[in-house]
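Everything below concerns the one structure shown next.
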Amino acid sequence: MIVAERKLFDDLYAKASKHKKVLLLGCGTCVTVCMAGGEKEVDILDSQLKLAARERGDEFEVTTHTIVRQCDDEFFDEEASRKIAAADAVISLACGVGIQFCSEKYPDKRVYAGVNTVFYGATVEQGVWEERCAGCGECIADKFAGICPVARCSKSLMNGPCGGTTDGKCEVSNEIDCAWALIVKRMKELGTLEELGEITEPRDWSTSRHGGPRRVVHESLRLDEGTKKDS
Amino acid sequence: MENEPTIIAFCCHYCAFTAADLAGTMRKQYPANIRIVRIPCTGKVDENMVLQAFVEGADGVMVAGCEIGSCHFIQGNVRALKRVAHAKKLLAETGVNADRLEFYHVAASQGPLFATTSAEFTERIKQLNAGGEAAAIATSAEDSTGEGS
Chain A
1 MIVAERKLFD
11 DLYAKASKHK
21 KVLLLGCGTC
31 VTVCMAGGEK
41 EVDILDSQLK
51 LAARERGDEF
61 EVTTHTIVRQ
71 CDDEFFDEEA
81 SRKIAAADAV
91 ISLACGVGIQ
101 FCSEKYPDKR
111 VYAGVNTVFY
121 GATVEQGVWE
131 ERCAGCGECI
141 ADKFAGICPV
151 ARCSKSLMNG
161 PCGGTTDGKC
171 EVSNEIDCAW
181 ALIVKRMKEL
191 GTLEELGEIT
201 EPRDWSTSRH
211 GGPRRVVHES
221 LRLDEGTKKD
231 S
Chain B
1 MENEPTIIAF
11 CCHYCAFTAA
21 DLAGTMRKQY
31 PANIRIVRIP
41 CTGKVDENMV
51 LQAFVEGADG
61 VMVAGCEIGS
71 CHFIQGNVRA
81 LKRVAHAKKL
91 LAETGVNADR
101 LEFYHVAASQ
111 GPLFATTSAE
121 FTERIKQLNA
131 GGEAAAIATS
141 AEDSTGEGS
């Protein structure tokens, strides 16, 4: 999932208090799971803004709404559209994709980011999320026993480990596991360690961000011009 | 000027609520400012329940649950302690004094403790309403925060 963290309250208050009527728009998918921008977090921010406005003597109206996903057109239903239209500004608590998609759909509306999108990750224990994928466009995790060196090695080394590994930890921080220590351990357990003797050639990073913004097209799924929703 | 704060007390059915009932049975008076909301366990309390109480006009919120190790649902009070600590931080961000929120441990048999805790907390909120600083409360759960988790 996409993992995010809510922005600092003072930052959000400064944005909200510039307007008369603000909609807090939550997203019910990734940011709900990582407790950053779902219905619950929308309600908390709503209460916080109301309390702070009272304390600081400001007057602005806050409304709330949460949709299933802010990265899909179909979930911006009539109710969402009506609430967005009625607000002077929207604080989107969705990831960076959601806020942009919302802005694209409602071009005349000021849409602020309510969260910082951090990474693609997994829930490693309740309340803890870790990065697992860098979205590089060419998955090589299977070559390294299911552990991705692109996302999990601080240097994204293809032939590790480097000299900065100590007792299974990375020199960047002793809270970061050395991905290559994990890879070696797991390949030993799987009995495939000898495969690491093969040097991995430099990656072609054009599939990643180095090739510019990416686009995926499934021609078989595309609708004909005449049958599109808006046509 | 009259200073009669509204205080919401989220009380666990298995301990603090029973203690409040016992306080009444024992003729121990506690301030009429306290408005009790019975909950099945303090583990039911989340941050927004507390914040919402303040939005709706509460001057103070106390969450009263079982002592560590005696939660009917095993870990509910430990979870509540963490959530109350988080809610204090969220409150402070808005400019509301975080001392207006407190967690207390009150066992079902401690009717008198419920009465004195309620009175002390009410006094704290009155002081805050009058623009003063919060006095430390000896029975506060702060000392036990973080233990048993």
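Quick mapping for you: the protein sequence lines, in order, are chains A and B.
1 is the number of the first residue of the first sequence in this note's numbering; add one for each residue after it.
1 is the number of the first residue of the second sequence in this note's numbering; add one for each residue after it.
Every residue, glycine too, gets a C-beta built ideally from N, C-alpha and C.
Practice task
Please list, in chain order, all residues of the same chain as B/Met-26 whose beta carbon is under 6 Å from its beta carbon, the five residues on each side excluded.
Solution key: Gly-111
Exercise for the section: Leaving aside the five residues before and after B/Glu-147 along the sequence, list all residues of the same chain whose C-beta is less than 7 Å from its C-beta, in chain order. Expected result: In this predicted model, B/Glu-147 has a pLDDT of only 39, less than 50, meaning its place in the structure is not dependable; the value taken from the coordinates is given anyway. Correct list, in chain order: Ile-68.
Exercise for the section: Would you kindly report the start and end of the unbroken beta strand (DSSP E) that includes A/Leu-24? Expected result: 21-27
Problem - Cutoff 8 Å: B/Gln-110 Cβ touching any chain A Cβ - result: no
Handout entry: Terminal residues of the alpha helix (DSSP H) in which B/Asn-129 lies
Key = 111-129
Exercise for the section: Determine contact between the region 164-178 of chain A and the region 197-209 of chain A, defined as no fewer than three beta-carbon pairs at a distance below 8 Å. Expected result: no
Problem - Close beta carbons around A/Lys-155, own chain, < 7 Å, minus the five adjacent residues each side - result: Cys-162
Problem - Complete runs of the alpha helix (DSSP H) confined to the region 25-112 of chain A [at least 4 residues] - result: 30-33, 39-56, 78-86 and 96-105
Exercise for the section: Using three-state DSSP, classify B/Ile-68 as helix, strand or coil. Expected result: coil
Exercise for the section: Indicate the three-state DSSP secondary structure (helix, strand or coil) for B/Glu-147 in the structure shown. Expected result: Because B/Glu-147 carries a pLDDT of 39, less than 50, the predicted location of this residue cannot be relied on, and no value is offered for it.
Practice task
Name, please, each residue of chain B whose Cβ falls closer than 8 Å to the Cβ of A/Ala-89.
Solution key: Per Cβ cutoff of 8 Å: no residues; A/Ala-89 is ~20 Å from chain B at best.
Practice task
Would you identify the three-state DSSP class for B/Tyr-14, choosing helix, strand or coil?
Solution key: coil
Problem - Contact list for the region 45-60 of chain A against chain B, Cβ threshold 7 Å - result: Ser-47, Gln-48, Lys-50, Leu-51, Ala-52, Glu-55 and Arg-56
Handout entry: Contact set for B/Asn-33: own chain, Cβ-Cβ below 7 Å, skip 5 residues either direction
Key = Glu-4, Pro-5, Thr-6, Ile-7 and Thr-122
Handout entry: Test: A/Lys-15 CB closer than 8 Å to a CB of chain B
Key = no
Practice task
Spell out whether any CB of chain B is found under 8 Å from the CB atom of A/Asp-43.
Solution key: yes
Handout entry: DSSP three-state assignment for A/Glu-194, whether helix, strand or coil
Key = helix
Exercise for the section: Would you verify that the beta carbon of A/Lys-40 is, or is not, closer than 8 Å to some beta carbon of chain B? Expected result: yes
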